[in-house]
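Asker:
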Amino acid sequence: MVLTKEYRICMPLSCEEYQIGQLYMIARHSYEQSSNGEGVEIITNEPCEDETYGKGQYTEKPVCLYGFSPYVLVYFILQKNRGIFIPLQKQCSFVPKLNILIRTKYEDNNGNSENSLNLTADQLKHRLVDNIDIAFDELSNGKHYKKEEDPKFFTSKKTNRGCLIEGWRDTDKPIMCSYKLVDVSFEVWGLQTKVEEFIHRSIRDILLLGHRQAFAWIDDWYDMSLDDVRAYEHETHQETNKKLNINNKTANGNCNTVAIFEHQTNVTNGIVKILD
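Residues in the sequence shown are numbered from 636 upward in steps of one, following our numbering.
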């Protein structure tokens, strides 16, 4: 059995703006989190080309996690551009019964597409839709809350967007939606339901936090071009790697490392950080 949820995350942005904001948010978030001794080190980040989907970006990222016991899922989704995205599937070799499949599409609307990802009738029957409200859904972990990153209180000086009020998804312009269909399967008797639900909770938490930050940081990235944000991404990744290398040298051996490989093209996205 597979637990399937479609997350719909609306943003007061256009799809073009969202591309820049997501790249900026991911780089900055990774840098800030690396101060805790956990983070994503960038080994390879270079242009590539896919026969089907065209030019893109290939990255290799070992993830170092301190203080996590085995079989803790850490999930992170990276975005690139609008359009329909090919499925991404990851199976963990040392937990062979775990599978995660992600499909994503961006549209310039407020989440009202009922079958954005062209699901079959059977898939629609089993799909659970979860609308994530970046302004009024609460973070599950209070330590991540910052008032200056709360869309209910934040107003952009450069765009005059915000503060977001009840019903903002029906009134604010511009508006776009990220449709994310996530299939999770953990085929171990007695643990299946708990693990699948835990994975989905983790996914939802990170989607909520990351998209709140992408909007709250808009004044920092709004004037950037794609080349600008790629340069920022490169510089920030170098600084993140330095911090992680220092932390690794001072650690007491309690580091779980997972190698992540990603291929982003104009019509693809997504990675999964799996278990350790």
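In this text, a Cβ means the ideal position worked out from N, Cα and C, and glycines have one as well.
If we call anything under 8 Å between Cβ atoms a contact, is Lys815 one with Ile737?
Answerer: As a working note, residue 815 is residue 180 in the sequence shown. As a working note, residue 737 is residue 102 in the sequence shown. Yes.
Asker: According to DSSP, what are the bridge partners of Met811?
Answerer: In the sequence shown, counting from the first residue as 1, residue 811 sits at position 176. Beta-bridge pairing links Met811 to Met646.
Asker: Take the Cβ of Ile800 as the centre, count every other Cβ of all protein chains shown within 10 Å, and call the residue buried at 16 or more, exposed below.
Answerer: Along the sequence shown, read from residue 1 onward, the residue named residue 800 stands at position 165. The residue in question, Ile800, is exposed, as its Cβ has fewer than 16 Cβ neighbours within 10 Å.
Asker: So if DSSP puts Asp818 in a beta bridge, which residue, or which two residues, is it bridged to?
Answerer: Stepping through the sequence shown from its first residue, residue 818 is reached at position 183. Paired residue(s): Thr639, Leu736.
Asker: Beta-carbon within less than 6 Å of Val830's beta-carbon, same chain only, minus the 5 sequence neighbours each way: which residues are those?
Answerer: As a first step, residue 830 must be located in the sequence shown, where it is residue number 195. Correct list, in chain order: Phe821.
Asker: How about Met811 and Met646: are their beta carbons less than 8 Å apart?
Answerer: Taking the first residue of the sequence shown as 1, we reach residue 811 at position 176. Taking the first residue of the sequence shown as 1, we reach residue 646 at position 11. Contact flag set, yes.
Asker: I'd like to confirm the pairing. Which residues does DSSP put opposite Glu742 in its beta bridges?
Answerer: To locate residue 742, count along the sequence shown from 1; it is residue 107. Answer is Cys812.
Asker: Using DSSP bridges, identify the partner residues of Leu763.
Answerer: Numbered from 1 along the sequence shown, position 128 holds the residue referred to as residue 763. Leu763 is bridged to Lys640.
Asker: Select from Glu684, Glu874, Asp858 the residue whose C-alpha is nearest the C-alpha of Lys793.
Answerer: For the purposes of this step, residue 793 is taken as the residue at position 158 of the sequence shown. Lys793 has its Cα closest to that of Asp858, out of Glu684, Glu874, Asp858.
Asker: In chain order, what residues of the same chain lie with their CB nearer than 6 Å to the CB of His761, ignoring the 5 residues before and after it?
Answerer: Here residue 761 refers to the residue found at position 126 when the sequence shown is read from its first residue. If we look at His761 and ignore the five residues flanking it on each side, its Cβ neighbours are Thr639.
Asker: Could you tell me whether the region 774–792 touches the region 650–665, where touching means 3 or more Cβ pairs closer than 8 Å?
Answerer: With the cut-off at 8 Å, the region 774–792 and the region 650–665 do not touch.
Asker: With the cut-off set at 8 Å, would you say Phe789 and Gly797 are in Cβ contact?
Answerer: The residue given as residue 789 occupies position 154 in the sequence shown. The residue given as residue 797 occupies position 162 in the sequence shown. Against a cut-off of 8 Å, the Cβ pair of Gly797 and Phe789 comes out as a contact.
Asker: Going by beta-carbon coordinates alone, are Trp852 and Val864 separated by less than 8 Å?
Answerer: Start at 1 with the first residue of the sequence shown, and residue 852 comes out as number 217. Start at 1 with the first residue of the sequence shown, and residue 864 comes out as number 229. No, they are not a contact pair.
Asker: What are the start and end residues of the alpha helix (DSSP H) that includes Ala913?
Answerer: This structure does not reach residue 913, given that the chain is present from 636 up to 911, and the question cannot be answered.
Asker: So with Cβ pairs under 8 Å, would you call Ile767 a contact of chain C?
Answerer: No chain C is present in this structure, which holds just one protein chain.
Asker: Flag this pair as yes or no: are the beta carbons of Thr739 and Ser813 separated by less than 8 Å?
Answerer: By 1-based counting over the sequence shown, the position of residue 739 is 104. By 1-based counting over the sequence shown, the position of residue 813 is 178. Closer than 8 Å, so yes.
Asker: What's the C-alpha gap between Gly845 and Glu773?
Answerer: Taking the sequence shown and counting its residues from 1, one reaches residue 845 at position 210. Taking the sequence shown and counting its residues from 1, one reaches residue 773 at position 138. Whole-angstrom Cα-Cα distance: 13 Å.
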